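**Q** Residue numbers (our numbering): 363 to 653. The structure's right below; bear with me while I get my questions together.
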Amino acid sequence: MALWSLLFEPFADFAFMRRALVACFALALGCGPVGVLLMLRRMSLIGDAMSHAVLPGAAIGFLIAGLNIWAMGLGGLVAGISVALLSGLVTRNTILREDASFAGFYLISLSLGVLIVSTRGSNVDLLHVLFGTILAVDDAALLTVAGIASLSIAVLALIYRPLVVECFDPGFLRAVGGGAGSIFHVVFLVLVVVNLVAGFQALGTLMAVGLMMLPAAASRFWARDVWSMAAVSIGIAMLSGWIGLLVSYHRDLPSGPAIVITAGVAYVASIVLGREGGVIWRYMPRRHLEA
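Right under this line is the structure:
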């Protein structure tokens, strides 16, 4: 009974805890594979930039309609895609590299979002947008998050091979596909944005990228293949959501930060214990191959 009370009773007794858990699981399904591909494409920090880029659109939607998922989601989607397209346009037509272009636009976007909320709202409004309210997720938000996760998995299944090829040999993809690589790149950036939009509904703009990138980085220490890294990333993200919600419930802590910190603990543990390049396994003496 003690184990039941510790691990399962909060979800059995409270509907808001069950909705929060389902939201975490849906976010894990969408964000896990996207985070792995971001990591393999050396775009992890661009994912962080995109999570900040949605802030002004989300802030405008919040000030117009309050905590309305459609208004905030649409605003965040427009802002995020605008930053992605502007960054790509600058990269292709100037000498500036993609990471610098993203950094410039995301800083402008982040500052603009904070300014909008600060001048038109309150400190409480700013905290809602930045850090989310996962325990207040309603049925409409759940349907939106689940729909985005389903869309992400379907689109990734359709463009999986060119995305993986571009991760390891973009020159080959350009040679055999002409300009198709650019199309896949744009589609992938749109997927990143829509998953971050789904994430900020629950975790806020500052925390959404945590559930996307920390499990993905941790999965690198447990798997070699892209598909297996995606599966491990999903599992770690789901486990982080479950444990983070339990910790926040039993210790009366904010749920969003508790979930992301749990994912951070999994990441650090993977660095130390992971079988694929972890610290212990890397320096542990192994038997030599025998003829």
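All C-beta atoms, glycine included, are put in the ideal place defined by N, C-alpha and C. Keep in mind that this is a model prediction, so the values were computed, not measured.
What separation, rounded to the nearest whole angstrom, lies between the Cα atoms of ARG582 and MET591?
**A** 6 Å
**Q** Compare the beta carbon distance of VAL554 and VAL396 with 9 Å and say whether it is the shorter of the two.
**A** yes
**Q** Going by CA-CA distance only, name the one from SER617, ILE496, ARG454 that's closest to HIS547.
**A** ARG454
**Q** Could you give the residue range of the alpha helix (DSSP H) that holds PRO524?
**A** 522-530
**Q** When you compare each of ARG380, ILE431, LEU389 to MET569 by their alpha carbons, which one comes out closest?
**A** Out of ARG380, ILE431, LEU389, LEU389 has the C-alpha closest to the C-alpha of MET569.
**Q** Report buried or exposed for TRP584, applying the criterion of at least 16 other Cβ atoms within 10 angstroms of its Cβ.
**A** buried
**Q** Within a Cβ cutoff of 7 Å, which residues of the same chain sit near SER449, ignoring the five residues on either side of it in sequence?
**A** Answer for SER449: GLU460, SER463, PHE464, PHE467, listed in chain order.
**Q** So, helix, strand or coil for ASN430, using DSSP?
**A** coil
**Q** Contact defined as beta carbons within less than 8 Å: I believe VAL609 pairs with LEU601. What is the distance between those atoms, to the nearest angstrom?
**A** With 8 Å as the limit, VAL609 and LEU601 do not qualify as a contact, their Cβ atoms being about 12 Å apart.
**Q** Assuming GLY606 contacts THR624 (C-beta within less than 8 Å), just tell me the rounded distance between them.
**A** 4 Å
**Q** Below 8 Å on the Cβ atoms is my guess for PHE562 versus GLY392; work out the distance and round it to an integer in Å.
**A** At roughly 13 Å, the Cβ-Cβ gap does not stay under 8 Å, so PHE562 and GLY392 are not in contact.
**Q** Could you check which residue in ARG637, ASP500, VAL571, VAL526 has the C-alpha nearest to that of ALA415?
**A** VAL571
**Q** Just tell me which of VAL556, SER617, SER413, LEU407 has its CA closest to the CA of ILE515.
**A** Checking every option, the nearest Cα to that of ILE515 belongs to VAL556.
**Q** How would you label VAL656, buried or exposed, when you count the other beta carbons within 10 angstroms and need 16 or more for buried?
**A** What the structure shows of the chain is the stretch from 363 to 653, and residue 656 is not part of that stretch, so it cannot be assessed.
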